[in-house]
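Inspection log for the structure reproduced underneath, given as structure tokens.
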Amino acid sequence: MNYSENYYDTKDFSDDDLLETFTPASEVERPKDIGEFEEEELVRLKQTGIDLTTPDRTGTFIQTNSSVLKCDCEAQGVELLSITEALKKYDGLKDYWWKLISTEKDSFTREADQELDNGYFIRALPGEKVIYPLQTCLYIRNENVAQRIHNIVIAEEGSELQVITGCSTHPHLTSGLHIGVSEFYVKKGAKLIFTMVHNWGENVYVRPRTGIRVEEDGVFLSNYIALKGAKSVQNFPTATLAGPNALARFNSVIVAPEGSDIDTGARVILKAPGSRSEIISRTISFGGRVVARGHLVGLASDIKAHLECQGLILAEHGVIHAIPELEAHVADVDMSHEAAVGRIAQEEIEYLMARGLSEEEATSTIVRGFLDVRINGLPAELNKELQEVVEECHKGM
Amino acid sequence: MLQIEDLWVEVRGREILKGINLQIGTGETHCLFGKNGSGKTTLLVTLMGFSGYKVKHGRILFKGEDITHLPINERAKLGLGLSFQRPPTLRGVKLKNLLALFDKKSDAGVQLAADYNFEDFLGRQVNLGFSGGEIKKSELLQLLAQGPDLSLLDEPESGVDIENLDVICQMIRKLLQKEVRKNRQKSGLIITHTGLILNYVNADRGHVMLNGQIYCHGNPRDIFERIRNYGYEECAKCRLFEQGF
């Protein structure tokens, strides 16, 4: 990776250049049926957490380029629509549409506002506890396409919902742009688990823009897994804990291969007394650059928030930049952070070698532990993927 | 079992061990006494082969094989094991996963933990937030699962409360096959400050280390009694035991 002295002053593309580089998804091929997918594409989806064969899914949404190929949900108590249909059905979704993110935030939000391709709408009805996750897939199938998405997820009062979103590109595609606006509403006493898996081609630019609002006693758990890198990712969801005792937790596991530039993290605004938050990231650089951000803002008393960024650099030229921020506006808060970056401590490797493990075995045991964040309901395929990454680790040592 | 011949060791350019000679026979347990900073821990980690401990002169023979320059894991495979005084924390690595490394098929590790009332720790990350006593228990549990022929124990009783001391000593007795009277195969080298361990675990010989040298050899209880009465300085002066007192 070119990490020259003037790195911070230069940029490959300005935001507007980037938008002009790619062809809008609405202007390219519109596949009609998932049956057109080749075997390797289905494998790719599986590696991204999307399984079309398992019965253990409440519903499935698949959007390729700008076309919605699948939007099935038989289950009672939960509603799944494409966002364009939801806008019609719910009269523009005026309480939810662009309420957590400003259309004027940047060039990408403006683009998504003006040139929407589609997206999903998910709503768990009040009190409904949905056992199996809903899976949604946003897929770019053609080279050099810009996909513009807007999603809304609502967990109504007392409901429970899990969503797995897999974002990916065709296995042979290298370049593209994904813009994904997502707004999450977790109402009183509701619980939403959102797992996002990124699996991009190597020259893909990724610009998610995410807002979350959690009301009284609501729980929002986010898992973000990106093991394959991308040309450039900017991902910085902002959650507002608006009601007493609301909880938001962000876990992320990020691996940056050579050539990847991944800028990610989360911001949580703890607005109500008794609200709690935790942001935990584990990042590994195999030569790429990771910026691991975290920003906790304490606005109310009796809140508890913790931030943890741990990074391992396992190859030359890798860069990990941890930026943990704590911002307290009242005195009566419990806010803390912990950040550590570097190589694996020799002492830890030798400790395990003293138990008879070879250096490679010791290293992978430590890396496996490092990547073992508490991820709820992670599909088996994904777990396998995680393991494979671990096994690759000593190659980069 | 173990033979150390004129061992000189440097740590970060400083000479710490200055000509150590020591022999431990099969089935024997030896105790190593000495002030803080006298080089006891350096001797143990050098035997295990840790980086940063540079052997300048002399050699270490284990079961007749020269292991002076062998990698750590090769020494472990030959039957050498170390219980650390201050082991590192392994984030995300659960104790049960570590125990499973020794025996993939059976749940021997889980059984061991149950035997010593340590089951609650199986799901915990290794050494993360462990108390002093819990660290020692976890170390000994790992060694029991590993089953070394020579156990190097670095202050296994420090930071352990009275209630747990009994369990720790049971574990050590098991590790060193103390119940076996004839043809005992397991040996041990134990660093102790308090000597408390001598009340629970029979030791065959004691050695006093001062300033990177071993000053006397002899009956461990006698040595400990003398240290208690006259201090370590007296050992430096008298050297009685060495001459066969």
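From first to last, the protein sequence lines stand for chains X and R. Under the working numbering, the first sequence has 245 at position 257, and the numbering climbs by one with no breaks. Every number in the working numbering is 20 more than the matching position in the second sequence, counting from 1. Heads up, the beta-carbon is just placed ideally off N, CA and C, and yes, glycines get one too.
Using the three-state DSSP reduction, which class does residue i fall into: helix, strand or coil?
i	result
K259 (chain X)	coil
A234 (chain X)	coil
F141 (chain R)	helix
R195 (chain X)	strand
T72 (chain X)	helix
L163 (chain R)	helix
T271 (chain X)	strand
R32 (chain X)	helix
A328 (chain X)	strand
I89 (chain X)	coil
A178 (chain X)	coil
A333 (chain X)	coil
D360 (chain X)	coil
A63 (chain X)	coil
A303 (chain X)	coil
P159 (chain X)	coil
D26 (chain R)	strand
V279 (chain X)	strand
P240 (chain R)	helix
R18 (chain X)	coil
I119 (chain X)	coil
Y136 (chain R)	coil
D174 (chain R)	strand
M385 (chain X)	Residue confidence for M385 (chain X) is low, a pLDDT of 42 falling below 50, so the modelled location carries little weight and cannot support an answer.
Tell whether a beta-carbon distance below 8 Å holds between residue i and residue j.
i	j	result
K38 (chain R)	M229 (chain R)	no
V207 (chain X)	L165 (chain X)	no
Q222 (chain X)	R195 (chain X)	yes
R281 (chain X)	F224 (chain X)	yes
N249 (chain R)	V187 (chain R)	no
L195 (chain R)	L172 (chain R)	no
Y339 (chain X)	P91 (chain R)	no
G65 (chain X)	L30 (chain X)	no
L258 (chain X)	I301 (chain X)	no
P121 (chain X)	R32 (chain X)	no
G299 (chain X)	M323 (chain X)	no
C297 (chain X)	A310 (chain X)	yes
V221 (chain R)	T46 (chain R)	no
T48 (chain X)	Q123 (chain X)	yes
L314 (chain X)	H325 (chain X)	yes
S273 (chain X)	V307 (chain X)	yes
I36 (chain R)	T62 (chain R)	yes
L185 (chain R)	E177 (chain R)	yes
D181 (chain R)	G153 (chain R)	yes
Can you tell me the Cα-Cα spacing of residue i and residue j, whole angstroms?
i	j	result
P19 (chain X)	L161 (chain X)	16 Å
Q23 (chain R)	L161 (chain R)	26 Å
R193 (chain R)	L218 (chain R)	11 Å
D123 (chain R)	A165 (chain R)	8 Å
E30 (chain R)	K257 (chain R)	25 Å
Q263 (chain R)	V355 (chain X)	Low confidence applies here, because Q263 (chain R) scores a pLDDT of 45, under 50, leaving its location unreliable and the question unanswered by this model.
K76 (chain R)	G84 (chain R)	21 Å
F70 (chain R)	S289 (chain X)	49 Å
V202 (chain X)	V241 (chain X)	23 Å
L81 (chain X)	Q135 (chain X)	22 Å
D21 (chain X)	V185 (chain X)	23 Å
G129 (chain R)	M68 (chain R)	23 Å
S151 (chain R)	L132 (chain R)	20 Å
E67 (chain X)	S170 (chain X)	17 Å
I87 (chain R)	A96 (chain R)	11 Å
N203 (chain R)	R225 (chain R)	18 Å
I80 (chain R)	L27 (chain R)	8 Å
P240 (chain R)	L118 (chain R)	34 Å
W85 (chain X)	R106 (chain R)	56 Å
F172 (chain X)	R264 (chain X)	18 Å
Could you pull the DSSP bridge partners for residue i from this structure?
i	result
A293 (chain X)	X:S265 and X:M323
G206 (chain X)	In the DSSP output, where bridge partners are listed per residue, G206 (chain X) has none listed.
E94 (chain R)	In DSSP, E94 (chain R) forms no bridge with anything.
R106 (chain R)	Its beta-bridge partners do not exist; DSSP assigns none.
M68 (chain R)	According to DSSP, M68 (chain R) bridges with nothing at all.
T124 (chain X)	X:F49 and X:T153
D251 (chain X)	X:Q222 and X:V279
D278 (chain R)	What the structure shows of chain R is the stretch from 21 to 265, and residue 278 (chain R) is not part of that stretch, so it cannot be assessed.
Please tell me whether, using a cut-off of 7 Å, the distance from the CB of residue i to the nearest non-hydrogen atom of the ligand SAM is below it.
i	result
V174 (chain X)	As presented, the structure is devoid of all ligands, the ligand SAM included, so that no description of it is given.
With a cut-off of 8 Å on the beta carbons, I'd call residue i and residue j a contact; round off their distance for me.
i	j	result
A143 (chain X)	K179 (chain X)	7 Å
V133 (chain X)	A214 (chain X)	In fact, because the Cβ distance is near 20 Å, the residues do not count as touching under 8 Å.
D360 (chain X)	G112 (chain R)	4 Å
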